[in-house]
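J.:
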């Protein structure tokens, strides 16, 4: 049995259990869970040896964690609700382990990759474990209950978080998708479109709503003689969390060598979120231009020398 660290606080009124299914609108959260697990997999454990894992629990503890069927924890409740669930920590090794558990807020890095914040202020701060330190014997699985207390003043919408487990020289994580009941808004803006080095287009996307978005990108560029780039809408490998800003780059192979181009970037997402922004780019082959200027300068010098030496011979010999 796990030994206790710090106990969770007393349950508040309106206690409910989290849902165990995967709501269809939130299937993208499996990607967040996978990203957190990949982030956790950078620890010092040797790949050739089995190592401990943490995963959502089915509650009974009779099946391996991989068979519980939940890639992440989903919870939904109104402000003031206390939500209950469990995580399973499995130690397949031949030695006992001590694992520390903490809540964390999920976040986007600048490039859109998923990460967790060092200090929890949202969902991570609302998570309380029955035990924050778990000692697990060899070849044993421990079920650790926890609660998520939604504050009375919590804003509606998605509150992405994670449970981070640390021990044995490595970290691992389980994604926690908390939705606070109430009105939701899907909204985004596209900002600061610019052409970089003539071979890529950079742009910022900001999630202005309160739901997690999966952006779709379309790019079009029109030059003096017609369309030079037309990329139809495609889904980006990014999960944009509420309130976050990311800077993304779209490759532009085959950009024109000489042209004046208007570039339009359009980003859409579920729930009717959409925005576009434009920029203007000038493509000039400076190497060719520089070479041409050098040739012209040389020709000018030669012409000047020729004219100077073609002056009246009397001017060259002087007056008698």
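Numbering (this note's numbering), first residue to last: 16 to 335.
For glycine and all other residues, C-beta sits at the position ideal for the given N, C-alpha and C.
Exposed or buried, which one is residue 240 when buried takes at least 16 other CB atoms within 10 Å?
T.: exposed
J.: Which residues share a DSSP beta bridge with residue 238?
T.: 241
J.: Rank 90, 150, 127 by C-alpha distance to the C-alpha of residue 141 and give the top, closest one.
T.: 90
J.: Is it right to say residue 175 is buried, meaning 16 or more other beta carbons lie within 10 angstroms of its own, or is it exposed?
T.: Classification for residue 175: buried.
J.: For residue 97 and residue 185, I'd like the C-alpha separation in whole angstroms.
T.: Their backbone Cα atoms lie some 30 Å apart in a straight line.
J.: Just to confirm the assignment, what range does the beta strand (DSSP E) spanning residue 293 have?
T.: 288-298
J.: Answer yes or no: do residue 195 and residue 151 have a C-beta to C-beta separation smaller than 7 Å?
T.: no
J.: In angstroms with no decimal places, state the Cα-to-Cα distance between residue 27 and residue 139.
T.: Unreliable positioning characterises residue 27 in this predicted model, as indicated by a pLDDT of 35, which lies under 50. A coordinate reading is not provided.
J.: What does DSSP give as the partner residues of residue 219 in its beta bridges?
T.: 206, 262
J.: Taking the CB atoms as reference points, tell me whether residue 94 and residue 165 lie closer together than 7 Å.
T.: yes
J.: Can you tell me where the beta strand (DSSP E) holding residue 92 begins and where it ends?
T.: 88-92
J.: Given a threshold of 16 other Cβ atoms within 10 Å of its Cβ, counted over all protein chains shown, does residue 257 qualify as buried or as exposed?
T.: Around the C-beta of residue 257, 16 or more other C-beta atoms lie within 10 Å, and the residue is accordingly described as buried.
J.: I need the straight-line Cα distance from residue 69 to residue 263, nearest angstrom please.
T.: 32 Å
J.: Quick check: what's the CA-CA separation for residue 108 versus residue 123?
T.: 34 Å
J.: Sort out for me which residues DSSP pairs residue 172 with in a bridge.
T.: 195
J.: With a threshold of 6 Å, establish whether the CB of residue 150 neighbours any heavy atom of the ligand FAD.
T.: The ligand FAD is absent from the structure shown, which contains no ligands of any kind.
J.: How would you call residue 273, buried or exposed, if buried means at least 16 neighbouring beta carbons within 10 angstroms?
T.: exposed
J.: Alpha carbon to alpha carbon, how far is residue 181 from residue 223? Give it in angstroms, no decimals.
T.: Inter-residue distance for residue 223 and residue 181 is about 33 Å (C-alpha atoms, whole angstroms).
J.: Residue 270 and residue 297 - do their beta-carbons sit closer together than 7 Å?
T.: no
J.: Could you say which of 158, 137, 157, 156 lies nearest to residue 192 if we only look at CA atoms?
T.: 137
J.: Classify residue 126: buried if its beta carbon has 16 or more other beta carbons within 10 angstroms, exposed otherwise.
T.: It counts as exposed.
J.: Answer with buried or exposed for residue 65, where buried requires no fewer than 16 other C-beta atoms within 10 angstroms of its C-beta.
T.: exposed
J.: With distances taken from CA atoms, which of 183, 168, 86, 167 is nearest residue 148?
T.: 183
J.: Are there 16 or more other CB atoms within 10 angstroms of the CB of residue 172, so buried, or fewer, so exposed?
T.: buried
J.: Which of helix, strand or coil does DSSP assign to residue 85?
T.: The three-state secondary structure of residue 85, taken from DSSP, is coil.
J.: Spell out the partners DSSP gives residue 224 in its beta bridges.
T.: In the DSSP output, where bridge partners are listed per residue, residue 224 has none listed.
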